[in-house]
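Notes for the one structure printed next.
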Amino acid sequence: MINFILLLVIYIGIYSILSLSLNLIAGYTGLLSLCHAAFFGIGAYTTAILMTGAKLDFWSAMLISGVISSLFGILIGLPTLRLKGDYLAIATLGFGEIVRNLMINWDSLTRGPMGINNIPSPNILGFKLIPSQKWQYVILVWLFVIIIFFILNRIMHSRFGRALSAINDDEIAALAMGINTTKYKIISFSIGAFFAGIAGSLFAVFNQSVSPNTFDFMLSIMILCMVVLGGMGNYLAVIVGTVIIVTAGELPRLLGFSNVIPPQTNQILFGLILVLMMIYRPQGILGRKRLDFGKIIQNSIKKEV
Amino acid sequence: MSLFNISIQELAQHLINGLTLGGIYALIALGYTMVYGVLKFINFAHGEILMLGTYCGLFVFNSLKTNSSNPIIIFAFFIVAMLIAMIFSAMLGIIIEKIAYRPLRKAPRLAPLLSAIGVSIILMNLSAVLFGTKSKKFDYPFDNTALNFLGISITPHQILIMIVCIILMVLLKVFVDFTKLGKATRATSENQKVASLMGINVDFMISLTFAIGSALACCAGILIALEYKVYPTMGTMAGLKAFIAAVVGGIGNITGAMLGGLILGLLETFGVVILGIPQGLKDTIAFSVLIIILLIKPSGILGKNVREKV
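From first to last, the protein sequence lines stand for chains H and X.
Per numbering that gives the first Met the number 0, the first sequence runs over residues 0 to 304.
Per numbering that gives the first Met the number 0, the second sequence runs over residues 0 to 309.
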């Protein structure tokens, strides 16, 4: 039982990185990307190949995974980001399918549908993680969640983040203000892809194996659901959304109902979440109100005075 | 193998295969393009409407077919099943629009798109629960032995596809171009506000658009199912390809969708032959075509360049 909960916490952590990075792309910049699973998969496969084939250590494999993911982000972003949202959705969906097709068909690199097994566990500062000791991975994954959360939060308050926000609110107005919208969109896309690659890397070393069918379209939808449910453009809300969706997905297994409930129930639930949230509460559970620590402190000081 | 050492017969063979494939893409693409014309969003659930309509056609045909062994009557039953399935999917399209898209008509552009993705996932998984994930066979309502004609083999199935595609497209073109309702459809897609000032019931026109698009998609679905069986995810890939066809032709343009479908069908058939790539990567061609078209002419072959007003 405790092991199961730890597993859940690890998965929530990995998915949080994914949803945080998608939030930068979709929630913050307003680009509907449906290929986040592909970036995740590219990261996971890069780590798997580098650590089993090239015997690279975990840190460099992780860094390379992130960089390769973000290069693919630029590659897909360059032709499509000049376009309106709907085209981007389809093009990214197509890109995701191409990546999965390649993972299945490129036997010499990815070993096809079998996937890559026996990925070594990471060695951190001379301390080798043991897969059965799940709490070690909890610390590793959540360390990354916290770091990425703060990096993205800093980006949000920077000049760059405000430019992204402007693009989301009104692209033409942003253009008129002298923002190079295409450039900013591509940078936002590649940063999101970079962090998705990092998440893929963590997933590969924790799961110790990767196979192409993990990274399908439904995973992209699931990540999108987390962002929409929590609240687009609000990093803390997105983590709340991730916790809800991952827990809801595992609840039948947790309560021992997995034989009674058909496996499709989860996906029907995701669909319902998307439709109902769009109709009744498009801003998400927590909405777009941003958490601003500076303002909170100022307000509390004012109250005291 | 390159294009240059193919005999004339083979060339004609690929041409026929490509045109039948393209005809099916075109039928589905019409639904996307018409909906995009009036509502300016991609109906992601289009492929799933196709799938459910095909299931409906399958069930009706299977229950009718046991009543007779006469091949002509069986074929008549097939046509009846197809018509019932088309009516069913038209209703489905109207209901989906009423529930999931109508409340979002004034919302930002991302909202109806996400809602459509949600509807698509619900329908796909619901049918997996109801009908099972195993694919079901849709029997040919006729003897499908290939006819040899000057060294080219054509199956009766391909002939059926061509006839159905031509009839439906001509009917649609006549409806849109020469009838009063068709004129109202065009007016609605041009400008909803002005159209409603001219006494056109915009809500009704949007419902009609969904009904026509869904019925055409269902027809295409049944034609596909004869060869590739019926299963819950059958609509996804077909829908995606058809969407690409609509973009290639110029989204929002009905003639463009027909043209785009045919072009995509031909490119896919010849692409596999010319490039010599494995069948597993066949879908990659369509997506590459999409990206190339988006780069060169995002408005599509027949699309107009619309200047954005602030």
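Glycine included, C-beta positions come from ideal geometry on N, C-alpha and C.
In this text, all values refer to a predicted model and were calculated from it rather than measured experimentally.
For the region 260 to 271 of chain H, the beta-carbon criterion of a distance under 7 Å to any beta-carbon of chain X is satisfied by Pro261, Gln263, Gln266, Ile267, Phe269, Gly270 and Leu271. Listed along chain X, the residues sitting closer than 8 Å to Thr79 (chain H) by beta-carbon distance are Ile290 and Leu293. The three-state reading of DSSP puts Lys39 (chain X) in coil, since its state is none of H, G, I, E or B.
Per the C-alpha coordinates, the member of H:Gly229, H:Phe126, H:Leu235 and H:Leu253 positioned closest to Met277 (chain H) is H:Gly229. Following the DSSP letters along the chain, one finds Ile151 (chain X) inside the beta strand (DSSP E) bounded by residues Ile151 to Ile153.
Shown here for Ile205 (chain X): same chain residues with a beta carbon closer than 6 Å to its own, the five before and five after excluded, namely Val37 in chain order. Identification of chain H residues near Thr32 (chain X) by a Cβ-Cβ cut-off of 8 Å yields none; the smallest Cβ-Cβ distance measures about 13 Å. In the three-state DSSP reduction, Leu146 (chain X) falls in the strand class (E or B). Rounded to whole angstroms, Val245 (chain H) and Met102 (chain H) show a C-alpha spacing of 25 Å. Within the same chain, no Cβ atom closer than 7 Å to the Cβ of Pro107 (chain X) is found once the five residues on either side in sequence are excluded. Close CB contacts of Val227 (chain H) within its chain, under the 8 Å cut and outside five residues either way in sequence, are with Gly240, Ile272, Leu273, Met276, Met277 and Gly283 (chain order).
Nearest to Ile41 (chain X) by C-alpha distance, out of X:Ala28, X:Ile290 and X:Gly52, is X:Ala28. Within chain X, the residues whose beta carbon sits less than 9 Å from that of Ile97 (chain H) are Leu280, Asp282, Thr283, Phe286 and Ser287, listed in sequence order. Given a length threshold of 4 residues, each whole run of the alpha helix (DSSP H) inside the region 87 to 129 of chain H is given here in chain order: 106 to 109. Considered as a whole, the region 201 to 277 of chain H harbours 216 to 229 and 234 to 254 as its complete alpha helix (DSSP H) runs of no fewer than 4 residues, in chain order. The Cβ atoms of Thr213 (chain H) and Leu80 (chain H) lie no closer than 7 Å to each other. Following the DSSP letters along the chain, one finds Asp168 (chain H) inside the alpha helix (DSSP H) bounded by residues Arg158 to Asp168. Taking a cut-off of 8 Å on C-beta distances, the region 9 to 21 of chain X touches the region 259 to 268 of chain X, as three or more cross pairs fall below it. The C-beta distance from Ile41 (chain H) to Gly196 (chain H) rounds to 6 Å, short enough to meet the 8 Å contact threshold. Cβ-Cβ separation between Ile48 (chain X) and Ala241 (chain X): approximately 12 Å, too far for a contact (criterion under 8 Å).
In summary, the residues of the region 99 to 129 of chain X whose CB is separated from some CB of chain H by less than 7 Å are Ala99, Pro102, Leu103, Ala106, Arg108, Leu109, Ala110, Leu112, Leu113, Ser114, Ile116, Gly117, Val118, Ile120, Ile121, Asn124, Leu125, Ala127 and Val128, in the order they occur in the chain.
Taking 7 Å as the threshold, the shortest C-beta distance from Pro281 (chain H) to chain X falls below it. A distance below 7 Å separates the beta carbons of Gly259 (chain X) and Ala244 (chain X). The alpha carbon of Lys228 (chain X) has as its nearest neighbour, out of X:Phe77, X:Pro277, X:Leu294 and X:Leu57, the alpha carbon of X:Leu57. Put simply, the region 7 to 23 of chain H touches the region 142 to 149 of chain H. At least three CB pairs are less than 8 Å apart. No Cβ of chain X is located within less than 7 Å of the beta carbon of Leu23 (chain H). Restricting attention to alpha helix (DSSP H) runs no shorter than 4 residues, the region 162 to 204 of chain X encloses them at 179 to 189 and 191 to 196, ordered along the chain. Secondary structure at Lys135 (chain X): strand, using DSSP grouped into helix, strand and coil.
Judged by DSSP secondary structure, Ile48 (chain X) falls within the alpha helix (DSSP H) whose first and last residues are His45 to Lys64. For Ser107 (chain H), the closest of H:Trp58, H:Gly52 and H:Ile73 by C-alpha to C-alpha distance is H:Gly52.
Counting only runs of at least 4 residues, the region 19 to 58 of chain H fully encloses the following alpha helix (DSSP H) elements, listed from N- to C-terminal order: 35 to 51.
Using a Cβ-Cβ cut-off of 9 Å, Phe242 (chain X) is close to Ile89 of chain H, given in chain order. The Cβ-Cβ distance between Phe141 (chain X) and Phe74 (chain X) falls below 7 Å. By the criterion of at least three beta-carbon pairs nearer than 8 Å, the region 23 to 30 of chain H is in contact with the region 187 to 204 of chain H. DSSP lists X:Lys135 as the bridge partner or partners of Val229 (chain X). Secondary structure note for Ala127 (chain X): its alpha helix (DSSP H) is the uninterrupted segment Leu109 to Phe130.
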